[in-house]
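**Q** As they're listed, the protein sequences go chains E and Z.
Numbering-wise, this note's numbering puts 150 at position 150 of the first sequence, and it's gapless, one number per residue.
Numbering-wise, this note's numbering puts 35 at position 35 of the second sequence, and it's gapless, one number per residue.
2 protein chains.
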Amino acid sequence: MSGNIRQRLRDEIENEILTGHWVPGHRLDEVALANRFGVSRTPIREALLQLSAAGLIEVRPRRGAIVASVGAERLIEMFEVMAELEGLAGRLAVRRHTDADMKAILETHEACRQAAEAGDSDAYYYENERFHFAIYHAGHSQFLFEQCSALHRRLKPYRRLQLRVRNRVAKSFAEHEQVVAALTAGKEEAAGRALHDHVAIQGERFSDFIASLSHARSSDMRQSAAAKT
Amino acid sequence: MSGNIRQRLRDEIENEILTGHWVPGHRLDEVALANRFGVSRTPIREALLQLSAAGLIEVRPRRGAIVASVGAERLIEMFEVMAELEGLAGRLAVRRHTDADMKAILETHEACRQAAEAGDSDAYYYENERFHFAIYHAGHSQFLFEQCSALHRRLKPYRRLQLRVRNRVAKSFAEHEQVVAALTAGKEEAAGRALHDHVAIQGERFSDFIASLSHARSSDMRQSAAAKT
DNA sequence: TCGACGACCATTGTATACAAGTTTGTTGAC
DNA sequence: GTCAACAAACTTGTATACAATGGTCGTCGA
């Protein structure tokens with residue numbers, strides 16, 4: 001139970017950020033975190049530096065670490081890259097999937113269907129994640145799997161918010177159906193395109209979506225600034 | 001001149017790895033590095049952890065850090081992803097490039113031509129890098145630029161080795177010509193495909209290439225093991 | 001009353017000390 | 001002679017102390 005402490009800290013802090021519990025711009029106080037987790041500053045610092053290397057936080061020399069703020073343009077860029085990688089994963093999945101891979105994909109697809117029909121966006125959010133990971137896995141490229149996973153996790157909070165938009169769950173599932181159809185038919189290009197568009201469509205709608213989000217954030221910051229005084 | 005020490009250490013160590021000065025599997029001794037750079041273990045550890053987050057080294061709890069060994073399959077996977085991202089960068093460059101972007105691309109292209117005609121593979125290696133970065137830049141996607149840069153740097157040593165293969169420089173330049181032609185003609189898909197294939201072709205040839213590389217490495221290790229006794 | 005300069009305090013960066021674990025070498029027994 | 005077990009030394013992980021810097025608050029002057 002040593003050496004894993006840093007790992008645990010990294011995961012906990014990462015989780016706080018990815019769940020949106022800490023707003024972008026939120027300052028990460030080393031001593032406060034050390035007290036909270038009952039450790040010294042050293043492992044905290046090491047965890048923070050790892051997170052900074054992953055791009056989740058920004059460390060400004062002598063001025064502490066803050067949760068990285070992801071601007072609208074950058075978010076769109078990230079979805080753009082994600083779309084490209086998902087497309088690749090889809091094509092590779094068609095070429096390389098085993099029976100077990102396809103079984104896993106179809107199972108998660110069915111779980112998505114149930115969540116979608118129940119109108120349960122939180123359940124859909126969870127099953128959707130499993131569906132995509134099943135496809136990454138079926139591509140049989142460890143590196144691509146890691147890249148996709150990292151980006152997927154990074155975009156998690158925004159994806160979750162978007163699923164709450166009216167009808168988005170139903171549309172998302174319809175897109176999944178196309179993906180599955182192409183996969184089972186063994187149509188490489190179609191599967192790639194379907195997955196690409198499935199992700200890209202989310203990025204494309206973000207221009208206006210972000211506007212409301214950054215609005216909410218600025219009110220949050222006003223709130224926390226007021227609480228500080 | 002503080003807080004940059006860690007950055008400097010990170011870059012120095014990263015450089016040692018990327019230039020192939022330290023073989024995969026090489027153990028990174030914290031005190032040795034601390035002595036070498038004239039600092040304490042703390043900033044060394046922090047630099048190492050950042051590198052581990054970037055995937056350049058592996059840290060095994062209580063057992064120290066080693067230079068990550070990149071297996072043949074993984075290397076091919078990385079080129080596969082790189083090809084995909086370069087393709088995207090090419091297509092975006094067609095859509096979004098400014099006059100200055102195109103000027104930069106053509107300039108580096110000409111520099112490549114001169115190096116290729118001179119048969120100077122080292123110069124070509126350098127100019128080739130600038131050429132690709134110019135294209136990443138022309139895509140006007142900060143995130144994509146970062147992803148491409150990181151992967152490009154990561155694959156640097158292998159690319160350099162490959163350029164020494166007979167005729168590879170000439171063939172590489174011929175591929176660049178196609179890329180430039182598609183870019184100037186404004187053909188998005190063609191540019192994307194040309195760049196994709198330009199990178200993918202390198203990965204595809206690695207199966208046999210790696211065999212000789214790992215052979216050379218094992219003889220290196222025998223050598224260093226002999227030197228140790 | 002507003003702005004600028006200075007001092008103090010809070011927080012980060014680095015070093016060192018201490019604890020815990022892994023590896024290696026030596027010794028003994030089979 | 002070889003294998004195993006124990007011990008010591010070396011290496012990593014964590015805590016704490018100290019140094020350095022940036023921000024903030026207060027005071028003084030215009």
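For each residue, glycine too, the CB sits at the ideal point set by N, CA and C.
Since A32 of chain E sits in a beta bridge, which residues does DSSP pair it with?
**A** A32 of chain E is not bridged to any residue.
**Q** Who are the near neighbours of Q147 of chain Z in its chain, counting only those whose CB is closer than 8 Å to its CB and skipping five residues on each side?
**A** Within the same chain, Q147 of chain Z has close Cβ partners L85.
**Q** I need the boundaries of the alpha helix (DSSP H) containing G71 of chain E, first residue and last residue.
**A** No alpha helix (DSSP H) holds G71 of chain E; DSSP gives it neither H nor E.
**Q** On a CA-only basis, which of E:G192, E:A191, E:L144 is nearest L151 of chain Z? Give me that one, please.
**A** Residue E:L144 is the option with its Cα nearest to L151 of chain Z.
**Q** To the nearest whole angstrom, what separates the beta carbons of V199 of chain E and A191 of chain E, a pair I think is in contact under 8 Å?
**A** With a Cβ gap of about 13 Å, V199 of chain E and A191 of chain E do not count as contacting.
**Q** Which class does A65 of chain Z belong to by DSSP, given the choice of helix, strand or coil?
**A** Strand, per DSSP.
**Q** Would A53 of chain Z pass as an interface residue toward chain E - the criterion being a Cβ-Cβ separation below 8 Å?
**A** True, the Cβ-Cβ gap to chain E drops below 8 Å.
**Q** Using a beta-carbon distance below 8 Å, is V179 of chain Z in contact with chain E?
**A** Not one chain E Cβ lies under 8 Å of V179 of chain Z.
**Q** Does any residue of chain Z bring its CB to less than 8 Å from the CB of F133 of chain E?
**A** No, its Cβ sits nowhere closer than 8 Å to a Cβ of chain Z.
**Q** Could you spell out where the alpha helix (DSSP H) holding V199 of chain E opens and where it closes?
**A** Unbroken alpha helix (DSSP H) run through V199 of chain E: 188-204.
**Q** Counting pairs of Cβ atoms below 8 Å between the segment 102-119 of chain E and the segment 61-74 of chain E, do you hit three or more?
**A** No, the segment 102-119 of chain E is not in contact with the segment 61-74 of chain E.
**Q** Residues of chain E with CB closer than 8 Å to the CB of S141 of chain Z, please, in chain order.
**A** Chain E residues near S141 of chain Z: E77, E80, V81.
**Q** List, in chain order, every chain E residue whose beta-carbon is nearer than 9 Å to that of E231 of chain Z.
**A** Given that chain Z is displayed from residue 1 to residue 229, the structure contains no residue 231 of chain Z and the question cannot be resolved.
**Q** Threshold first: 3 residues or longer. Then list the beta strand (DSSP E) segments lying entirely within the segment 49-132 of chain Z, N to C.
**A** With a minimum length of 3 residues, the continuous beta strand (DSSP E) runs that stay inside the segment 49-132 of chain Z are 57-60, 64-67.
**Q** In this structure, what does DSSP give as the bridge partners for R27 of chain E?
**A** Its beta-bridge partners are E:I66.
**Q** Considering only residues of the same chain and omitting the five flanking positions on each side of S69 of chain E, which have a CB-CB separation below 6 Å?
**A** Excluding residues within five positions, the ones whose Cβ falls inside 6 Å are P24, G25.
**Q** Helix, strand or coil for S172 of chain E per DSSP?
**A** Residue state, collapsed to three classes: helix.
**Q** Measuring CA to CA, which of Z:E129, Z:A138, Z:G186 is closest to K156 of chain Z?
**A** Minimum Cα distance to K156 of chain Z is reached at Z:E129.
**Q** Ends of the alpha helix (DSSP H) at H152 of chain Z?
**A** That run of the alpha helix (DSSP H) goes 142-163.
**Q** Quick one, which residues of the segment 151-166 of chain Z are near chain E if we go by CB-CB under 7 Å, in chain order?
**A** Those residues of the segment 151-166 of chain Z that come within reach of chain E (Cβ to Cβ, closer than 7 Å) do not exist; the list is empty.
**Q** Under DSSP, the alpha helix (DSSP H) around N15 of chain Z begins and ends at which residues?
**A** First-last of the alpha helix (DSSP H) with N15 of chain Z: 4-18.
**Q** Is the Cβ-Cβ distance between S149 of chain E and F133 of chain E less than 8 Å?
**A** Yes, the pair counts as a contact, with Cβ atoms nearer than the cut-off.
**Q** Mind listing the chain E neighbours of L28 of chain Z? Cutoff is C-beta to C-beta under 7 Å, in chain order.
**A** In chain order: nothing, as chain E lies at least about 15 Å away.
**Q** According to DSSP, is R45 of chain E part of a helix, a strand, or is it coil?
**A** DSSP places R45 of chain E in helix when its eight states are reduced to three.
**Q** With 8 Å set as the bound, which would you pick, yes or no: does the beta-carbon of E12 of chain E sit closer than that to a beta-carbon of chain Z?
**A** No, because no Cβ of chain Z sits closer than 8 Å to the Cβ of E12 of chain E.
**Q** Residues in the same chain with beta-carbon distance under 6 Å from Q223 of chain Z, minus the five sequence neighbours each way, listed in chain order, please.
**A** Low per-residue confidence applies at Q223 of chain Z: pLDDT is 41, beneath 50, and the placement is therefore not dependable, though the value from the model is reported in the following sentence. Nothing meets the Cβ criterion.
**Q** What residues in its chain sit with their C-beta under 6 Å from that of G20 of chain Z, if we drop five residues either side in the sequence?
**A** Correct list, in chain order: P157.
**Q** Taking buried to mean at least 16 other C-beta atoms within 10 Å of its own C-beta, is A83 of chain E buried or exposed?
**A** Counting Cβ neighbours within 10 Å, A83 of chain E comes out buried, since at least 16 surround it.
**Q** Does the beta-carbon distance from L88 of chain Z to F206 of chain Z come in below 8 Å?
**A** Taking 8 Å as the Cβ cut-off, L88 of chain Z and F206 of chain Z do not qualify as a contacting pair.
**Q** Under 8 Å, with one C-beta from each stretch per pair, do the segment 162-181 of chain Z and the segment 112-122 of chain Z reach the 3-pair mark?
**A** As far as the Cβ criterion goes, the segment 162-181 of chain Z touches the segment 112-122 of chain Z, which means the pair count is three or higher.
**Q** Name the residue from Z:D99, Z:K103, Z:V94, Z:L28 whose alpha carbon lies nearest to the alpha carbon of L195 of chain Z.
**A** The option with the nearest alpha carbon to L195 of chain Z is Z:V94.
**Q** Given this structure, state the Cα-to-Cα distance separating P43 of chain E from L56 of chain E, to the nearest angstrom.
**A** The alpha-carbon atoms of P43 of chain E and L56 of chain E are separated by roughly 17 Å.
**Q** Nearest chain E C-beta to E46 of chain Z closer than 8 Å, yes or no?
**A** So yes, E46 of chain Z belongs to the interface.
**Q** Relative to the C-alpha of R154 of chain E, which residue among E:F79, E:I135, E:R193 is closest?
**A** Looking at the Cα atoms, E:F79 is the closest of the given residues.
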